[in-house]
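The block underneath contains the structure these notes are about, expressed in structure tokens.
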């Protein structure tokens with residue numbers, strides 16, 4: 021394992037996942053990349069809220085959303101990896117979660133992905149899709165999933 025991608029989310033399970041990825045990266049002297057993906061739905065809701073609070077000329081741009089996602093990944097990394105001797109890069113994206121995770125894994129040439137999943141029935145996955153399942157099926161390497 022040379023390069024690990026850990027997907028950062030605003031949950032305790034995701035924080036623990038990032039910490040575990042950090043411990044493994046430290047032990048193997050592997051590169052660690054933290055990423056957070058802001059979905060189009062989250063972006064739209066945040067943009068609408070910000071525009072309603074500010075003057076009509078204000079806007080919330082795609083670049084600002086990606087900067088915010090990157091900063092979120094950095095903040096979580098700083099919080100949960102501070103006691104480890106591991107360096108990490110951070111990145112943030114806006115778009116479809118599974119597609120952007122796969123894009124990041126390819127861009128950074130990662131050979132292992134760490135991601136949180138939701139408890140969902142097989143029917144729910146079939147009807148609504150599941151980003152974790154898509155990553156498991158489409159990533160050419162091991163994927164570690166934590167649910168909780």
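In this note's numbering, the protein residues as written are 21 to 168.
Just so you know, even glycine gets a beta-carbon here, dropped at the ideal spot from N, CA and C.
Please read all numbers here as calculations on a predicted model, not as lab measurements.
How far does the alpha helix (DSSP H) with residue 63 in it reach, from first residue to last?
-> If you number the chain shown from 1, residue 63 lands on position 43. Bounds of the alpha helix (DSSP H) holding residue 63 are 60 to 73.
Residue nearest to residue 63 in terms of C-alpha spacing, selected from 163, 117, 162 | As a working mapping, residue 63 is identified with position 43 in the chain shown. Closest option to residue 63, Cα to Cα, is 117.
Between residue 34 and residue 135, what straight-line distance do the alpha-carbon atoms span, to the nearest angstrom?
-> The sequence position of residue 34 within the chain shown is 14, counting from 1. The sequence position of residue 135 within the chain shown is 115, counting from 1. Looking at the two C-alpha atoms, the distance is approximately 7 Å.
Any idea what DSSP makes of residue 167, helix, strand or coil?
-> Along the chain shown, one-based indexing puts residue 167 at 147. DSSP places residue 167 in strand when its eight states are reduced to three.
What is the DSSP secondary structure of residue 26, counted as helix, strand or coil?
-> Here residue 26 is taken as the residue at index 6 of the chain shown, counted from 1. Note: residue 26 maps to strand in three-state DSSP.
Residue 112 bridges to which residues according to DSSP?
-> Along the chain shown, one-based indexing puts residue 112 at 92. DSSP output for residue 112 lists 56 as bridge partner(s).
With distances taken from CA atoms, which of 153, 137, 52, 36 is nearest residue 15?
-> Residue 15 lies beyond the range of the chain shown here (21 to 168); nothing can be said about it.
Since residue 106 is in the alpha helix (DSSP H), which residue starts that stretch and which ends it?
-> Position 86 of the chain shown holds residue 106. According to the DSSP assignment, residue 106 belongs to no alpha helix (DSSP H), since it is labelled neither H nor E.
Please say whether residue 113 and residue 120 have beta carbons closer to each other than 8 Å?
-> Taking the first residue of the chain shown as position 1, residue 120 is located at position 100. Taking the first residue of the chain shown as position 1, residue 113 is located at position 93. Cβ distance < 8 Å, so residue 120 and residue 113 count as in contact.
Proximal residues to residue 147 (C-beta, below 6 Å), its chain only, five neighbours per side dropped | As a position in the chain shown, residue 147 is number 127, starting the count at 1. No answer about residue 147 holds up, because its pLDDT of 40 lies below 50 and its placement is not dependable.
Work out the CA separation of residue 125 and residue 104 for me, nearest whole Å.
-> For this step, residue 104 is matched to residue 84 along the chain shown. For this step, residue 125 is matched to residue 105 along the chain shown. Answer to the nearest angstrom: the Cα atoms are 23 Å apart.
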